[in-house]
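S.K.: What follows is a single structure, and I will ask about it in a moment.
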Amino acid sequence: VTILTTVPLSFGWGEAIGIAGVATRLQDRGRGMAGYLIEHVTKAEKSTAAFLFAKDPTLYRRLGFEVVDEVIRANFDVISAPVADFEFLSLEEVRGIYDAWAKESQNRLIRDERRWQYWSWNLRSAAPLGDGYVCVEHETVREVIPIGNVDWASLSTSEFFGLRNVATNLDLPLKNVRWESHLMALG
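The numbering of the sequence shown is this note's numbering, which starts it at 662 and goes up by one.
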């Protein structure tokens, strides 16, 4: 009748879960089953926190979740520059960059072997960006770790898809920002 998926997450401050794919059969909606299942899962997991993405935060607010960020889409506001030919980074190079970056803050996701396997299934390739990297999937920037001097013009035809706070903290040159969903947290 009701279903959801949980994903273990690790941060420098402790363990959490991600909740995804919350759904209830149409004829059974409005009976509180999704709320019951979410409450059961968050108590059973014994994690410090739970995160989920939601278009409508109503149900999740009733369960104690708070909006902590927003997912946005936006175009890069830079003048196009010729794209240089470059080699893609190996998974080992990407892991080295990411792991060093993640250690700089306890609020960054720590990827274990399973998360890196998932990453390689979904993103597969990363290009150098300054001393960091960028993963672009069908002209959408899905992950960016900008380190050092970054030439944003190389991404002028791309679209950013990610958290508003990430875009703000990285001072990404964006235009035409569009809201997609809320990032919500419990604990």
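Every residue gets a Cβ at the ideal spot worked out from N, C-alpha and C, and that includes glycine.
1) Less than 8 Å between the beta carbons of Val802 and Leu816, yes or no?
2) Using only CA atoms, which one of Glu841, Leu847, Asn810, Ala710 lies nearest to Ala735?
3) Are any of the Cβ atoms in chain C nearer than 8 Å to that of Leu847?
4) Considering only residues of the same chain and omitting the five flanking positions on each side of Thr663, which have a CB-CB separation below 6 Å?
5) With Ile649 and Gly673 assumed to form a contact (beta carbons below 8 Å), what rounded beta-carbon distance in angstroms separates them?
6) Have a look at Gly823, Met845, Arg756, Leu835 and flag the residue whose alpha-carbon is nearest the alpha-carbon of Glu804.
7) Considering Ser708, what are the terminal residues of the alpha helix (DSSP H) in which it resides?
8) Let me check understanding here. Comparing Cα to Cα, which of Gly757, Glu748, Leu844, Pro718 lies closest to Ser786?
9) Looking only at its chain, what residues have a beta carbon closer than 7 Å to the beta carbon of Arg756, apart from the 5 residues adjacent to it on each side?
10) Looking only at C-alpha atoms, which of Thr666, Ala677, Lys704 sits nearest to Arg769?
11) Put Arg722 into one of helix, strand or coil per three-state DSSP.
M.R.: Reading off the structure:
1) Contact annotation: Val802 and Leu816 have beta-carbon atoms nearer than 8 Å.
2) Nearest to Ala735 by alpha-carbon distance, out of Glu841, Leu847, Asn810, Ala710, is Glu841.
3) Considering every chain present, this structure includes no chain C. It has just one protein chain.
4) Setting aside the 5 residues that flank it on each side, Thr663 is surrounded in the same chain by Thr685, Met694, Ala695, Leu698, each with a C-beta closer than 6 Å to its C-beta; the list follows chain order.
5) Residue 649 lies beyond the range of the chain shown here (662 to 848); nothing can be said about it.
6) Taking Glu804 as reference, the option from Gly823, Met845, Arg756, Leu835 with the minimal CA-CA separation is Gly823.
7) Per DSSP, Ser708 belongs to no alpha helix (DSSP H) and is neither H nor E.
8) Of the residues Gly757, Glu748, Leu844, Pro718, the one whose Cα lies closest to the Cα of Ser786 is Glu748.
9) Hits under 7 Å: Trp777.
10) Among Thr666, Ala677, Lys704, the Cα nearest to that of Arg769 is on Ala677.
11) Judged by DSSP in its simplified three-state form, Arg722 adopts helix.
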